[in-house]
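Here is the structure we will look at.
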Amino acid sequence: MPDELPLLPLLAAALTLNLVTAAAYAWDKRAARRQRRRVPERVLLGLGGLGGWPGAWLTMLLVRHKTQKLSFKLKLGALTLLWVAGAGALAWHGLAAG
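Letter by letter, the sequence shown follows residues -9 to 88 in my numbering.
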């Protein structure tokens, strides 16, 4: 079993990344309401692309932020699809390998 990835650290990293992503989206929503300096879209999308996409979508819906901007949703959707496809490919490879 030494070739297997340690599950607990991976889950902890994923949870942490999603919490950071959710905080960034909530912070940006608050900044938008107060007409303060915003979190750049490339940062929000970058967090989603690194794996924080579940936290991004959930926070977008909960705080109603970036939900009207189609171009942003399409970009985040593309990143999400890449993650889902990658996970599917890894799962398929794992099943095929044995």
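Idealized CB from N, CA, C, for every residue including glycine.
Small disclaimer: the values here were computed from a predicted structure and weren't measured.
Measure the CB-CB distance between residue i and residue j and report whether it falls below 7 angstroms.
| i | j | result |
| --- | --- | --- |
| Ala46 | Thr6 | no |
| Leu71 | Gly38 | no |
| Met50 | Lys59 | no |
To the nearest whole angstrom, what separates the beta carbons of residue i and residue j, a pair I think is in contact under 8 angstroms?
| i | j | result |
| --- | --- | --- |
| Leu35 | Leu1 | About 23 angstroms separates the two Cβ atoms, so there is no contact after all. |
| Arg28 | Ala21 | 5 angstroms |
| Val53 | Lys19 | 5 angstroms |
Sort the options by Cα distance to residue i and report the nearest one.
| i | options | result |
| --- | --- | --- |
| Pro30 | Leu52, Ala4, Phe62 and His83 | Phe62 |
| Leu9 | Arg23, Leu40, Arg24 and Pro(-4) | Leu40 |
Three CB pairs or more closer than 8 angstroms across the segment 41 to 55 and the segment 9 to 29: yes
Start-end ranges of the beta strand (DSSP E) lying completely within the segment -2 to 81, minimum 3 residues: none
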